[in-house]
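Written below as C-alpha cells is the structure these notes are about.
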Amino acid sequence: FTKANLSHSFIYLFIFFFTDAESAEGKYAQKLFSDLFENYTNALRPVEDTDKAMNVTLQITLSQIKDMDERNQILTAYLWIRQIWYDAYLIWDKDEYDGLDSIRIPSNLVWRPDIVLYNKADDEFTGPADTNVVLRYDGQITWDAPAITKSSCVVDVAYFPFDDQQCNLTFGSWTYNGNQVDIINGMDSGDLSDFVENVEWEVHGMPAVKNVIMYGCCSEPYPDVTYTLLLKRRSSFYIFNLLIPCVMISFLAPLGFYLPADSGEKVSLGVTVLLALTVFQLMVAESMPPSESVPLIGKYYIATMTMITASTALTIFIMNIHHCGPEAKPVPQWAKVVILEYMSKIFFVYEIGENCTSPQRTKEKHSEKHKKDEEIYLETEGHKKSQSNGCDKCVLKELNGQSRGGSEDKHGKSEKNDLCFCLHHERMAKNIDYIATCFREQKASSAKGTEWKKVAKVMDRFFMWVFFIMVFFMSILIIGKAV
Ligand SMILES: *[C@@H]1O[C@H](CO)[C@@H](O)[C@H](O)[C@H]1NC(C)=O
Ligand SMILES: *[C@@H]1O[C@H](CO)[C@@H](O)[C@H](O)[C@H]1NC(C)=O
Ligand SMILES: *[C@@H]1O[C@H](CO)[C@@H](O)[C@H](O)[C@H]1NC(C)=O
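To convert, note that position 43 of the sequence shown is 62 in this note's numbering; the numbers rise steadily by one, no gaps.
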C-alpha cells in the first residue's frame with residue numbers, strides 16, 4: 020500500500036460508515052413508524068386505564084396583538100399554543116431502534132386533545148394549524164402550533180383614552196370532561212418574552228388561572244385555563260389628536276365675549292366653535308361601542324359643548340342689551356349700582372371704546388369735554404337772560420314810540436331800527452334755544468344708549484371670566500385624569 024492508497028481507503032471507509040449509519044437511522048425511523056402506527060388509531064384517547072385522567076399541559080406565548088376592535092369588542096391576537104401530553108401507545112425502547120429517541124410526524128396522525136378557545140369571536144372555525152408534533156420515546160408529545168385568535172373581550176371605555184382593559188382568553192377541552200382530560204397550566208402566566216410591541220397597547224402581564232366549573236346537570240368537572248391579558252392604552256395619540264385641539268378650541272369660546280359687539284361676529288364665533296367640537300365628538304363616537312358608559316373624553320366634549328351653547332345664548336342676550344338704543348327705558352337703579360358701579364370696577368371696564376387708548380386719559384378727556392359743554396350751556400343761558408331783559412326794553416320803547424306818534428322822525432327811525440334788530444335777535448334766541456333743547460335731549464338719550472352699552476360690556480366681561488374659569492377647570496379635570 021502506498022500512502023495515497025491508504026488515505027483513499029480511509030476516506031472510502033469513512034464514507035461507507037456514514038452512509039450506512041444514515042441509511043440505518045432512516046430505516047429505523049421507518050420501522051419505528053410502521054411499528055407504532057400499525058394498530059394505532061388517533062380517534063381514541065390514548066390511555067391504558069380509561070378511569071384515569073389524561074394530563075395536558077398548556078402553555079401560551081403571546082407573539083403579537085394584531086387588533087383591538089373596541090366597537091365590536093374583539094381582540095385579535097397572534098399566539099403560539101404549546102400542548103404537551105403523554106400517549107400511552109406511542110412508546111418504544113430507544114435501544115431497539117438504534118438510540119432513536121424522538122421523531123417528528125404530522126400532528127393529524129396522532130390523537131390530539133380538542134382544546135379550543137371558549138370565548139372565540141370568529142365567523143369561521145379555525146383551530147391551531149396542522150403543524151408537526153415531536154414524539155419522544157417515553158410517549159411525550161409536544162405540539163407547538165401558531166394560531167390567530169379572535170376573542171371576545173368586554174371593553175369598558177369609561178376612561179377612554181386613559182383606560183386599562185382586561186381581555187380573557189379561556190382555553191378548555193370541548194368534549195372531554197375533567198375526569199378524562201385535565202388541563203394543567205404550564206406556567207403561571209402567558210409567555211411574553213417574544214412579544215412584539217404594539218403601538219397602541221402596552222401589555223402589563225398575562226396571568227393564567229385554572230378554573231374548574233361544575234355544571235348543574237352533571238357531576239363532572241370541566242376545567243379550563245383562563246389567561247387574562249392586561250392592557251393599557253398608550254394615550255399620547257389621542258391626547259395630540261383629540262384632546263389638545265379640543266382644549267384649544269374651547270379656550271376660544273370665552274373670547275367671544277371679548278369680541279366688540281359692533282363686529283357682528285360674536286354669535287358666529289360661538290357657532291363655529293360648536294361645529295368644530297361636533298366634528299371631534301363624532302370622531303370619538305364612531306370608534307366607541309354604543310354602550311351606556313360614555314367615555315371620559317366624550318363627557319368632556321359634551322360639557323364643553325354645553326358651555327359653548329350657553330355662552331352663545333348669553334351672547335345673543337347681551338347683544339340685545341347692547342343694541343337697546345335711545346328709545347329704551349333708562350337703566351334700572353339696581354343695575355346702575357350693581358353693574359355700573361361695582362362690577363365695572365371689578366372687571367376694569369371704564370368707557371366704551373377704551374380698548375384702543377389707555378383708560379385714564381379717555382376719562383379725563385371725557386370729563387373735560389363735559390365741563391366745556393356745561394360752560395357753553397351756562398353762557399347761552401346767561402345770554403338768553405340778558406337778551407330777554409334787553410328785549411323787554413325794546414318792547415317798552417316800541418310802545419312809547421307808538422303813543423307819541425310820528426313827532427321826532429329821526430329819533431323814531433333809529434328806534435325802529437333798534438326794534439327790528441331786537442325782534443330779530445329774539446327769534447334767533449328762540450331758535451338757538453330750540454336747537455339747544457334738541458341737542459340736550461339727544462345727548463341725554465344717547466347717554467342712555469351709552470349706559471346700556473356699558474351694561475352690556477360689563478356683562479360681557481363678567482361672563483368672559485366666568486367661562487374662562489370654567490374652561491380652565493374642565494381642562495384641569497381631564498388632564499388630572501390623564502396623570
Ligand atoms: C396488531 O394487531 C394484530 C391483530 O390483532 C396483531 O397480530 C399484531 O401483533 C398487532 N401489532 C402490534 C405491533 O401490536
Ligand atoms: C395528572 O396529574 C396529576 C397531578 O397533577 C397526577 O396525580 C396524575 O397521576 C396525572 N395523570 C397522569 C395520567 O399522568
Ligand atoms: C376573566 O377571568 C378572570 C379569572 O377567571 C375572572 O376573574 C374575570 O372575571 C374574567 N373577566 C371577564 C371580563 O370575564
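C-beta atoms are modelled at their ideal positions from N, C-alpha and C, and glycine is treated no differently.
Outcome for residue i when other beta-carbon atoms lying within 10 angstroms are tallied against a minimum of 16
i, result
"L301", "exposed"
"K476", "buried"
"E57", "exposed"
"P165", "exposed"
"L294", "exposed"
"C265", "buried"
"V298", "exposed"
"R380", "Because R380 carries a pLDDT of 48, less than 50, the predicted location of this residue cannot be relied on, and no value is offered for it."
"T323", "buried"
"A96", "buried"
"F492", "exposed"
"G425", "Bear in mind that a pLDDT of 46 at G425, under 50, signals an unreliable position, so the model cannot answer this."
"P148", "Going by the sequence as given, residue 148 is Ala instead of Pro. By the 10 Å Cβ count, A148 comes out exposed."
"K348", "exposed"
"T60", "exposed"
"P180", "buried"
"K364", "exposed"
"R446", "exposed"
"Q184", "buried"
CA-to-CA distance, residue j to residue i, given in whole angstroms
i, j, result
"W484", "A466", "27 Å"
"L442", "I451", "14 Å"
"W471", "G344", "8 Å"
"W353", "S310", "50 Å"
"R101", "K500", "40 Å"
"S121", "Y47", "12 Å"
"L55", "T161", "17 Å"
"V303", "G317", "7 Å"
"S171", "P308", "13 Å"
"G409", "F458", "Caution applies to G409, whose pLDDT of 48 falls short of 50 and renders its modelled position unreliable; the value that the coordinates give is listed next. One C-alpha to the other measures close to 26 Å."
"M206", "Y246", "11 Å"
"K71", "P132", "15 Å"
"S282", "N260", "32 Å"
"D157", "V222", "38 Å"
"F366", "R480", "7 Å"
"A62", "I498", "60 Å"
"H341", "S254", "45 Å"
"F482", "I258", "28 Å"
"V474", "S287", "22 Å"
"K382", "S464", "Residue placement at K382 cannot be trusted, given a pLDDT of 48 that sits under 50; what the coordinates show is reported in the next sentence. When rounded, the distance between both Cα atoms is 20 Å."
"L128", "T150", "11 Å"
"I202", "L262", "46 Å"
"D210", "V244", "14 Å"
Option nearest residue i by Cα separation, candidates the options
i, options, result
"E67", "T95, Y47, L109", "L109"
"T508", "G45, A96, W99, D106", "Given that the chain is displayed from residue 20 to residue 502, the structure contains no residue 508 and the question cannot be resolved."
"T189", "Y59, P242, I316, K285", "P242"
"N187", "T334, V135, L248", "L248"
"V135", "L77, V174, T95", "L77"
"Q49", "F440, V368, I124, K355", "I124"
"N230", "A62, F481, N196, H341", "N196"
"M478", "A280, G289, T456", "A280"
"W99", "I495, S212, A448", "S212"
"T291", "F440, L274, P180", "L274"
"E305", "P65, G45, S82, N91", "N91"
"D141", "K113, I103, R155, I93", "I93"
Enclosing beta strand (DSSP E) for residue i [first to last residue]
i, result
"L261", "Where L261 is concerned, there is no enclosing beta strand (DSSP E), given that its DSSP letter is neither H nor E."
"Q199", "Taken as a continuous stretch (DSSP letters only), Q199 belongs to no beta strand (DSSP E), as it is neither H nor E."
"K229", "227-233"
"V222", "220-222"
"F181", "Element bounds for F181: n/a, residue is neither H nor E."
"Y246", "240-252"
"Q78", "73-88"
"Q300", "Counting along the chain, Q300 falls outside any beta strand (DSSP E), though it belongs to the alpha helix (DSSP H) covering 285-306."
"I349", "Before going on, a small fix: residue 349 reads as Pro here, not Ile. Careful: P349 lies outside any beta strand (DSSP E) and carries neither H nor E."
"I100", "93-105"
"S121", "121-125"
"L136", "134-136"
Where the alpha helix (DSSP H) through residue i begins and ends
i, result
"S328", "A small correction: the amino acid at residue 328 is Thr; Ser does not occupy that position in the sequence shown. Per DSSP, T328 belongs to the alpha helix (DSSP H) from 315-341."
- Minimum length 3: unbroken beta strand (DSSP E) runs contained in the segment 446-477: none
- Query: Where in the segment 142-188 do unbroken runs of the beta strand (DSSP E), each at least 3 residues long, occur, reported from the N-terminal end onward?
  - Reply: 151-155, 159-171
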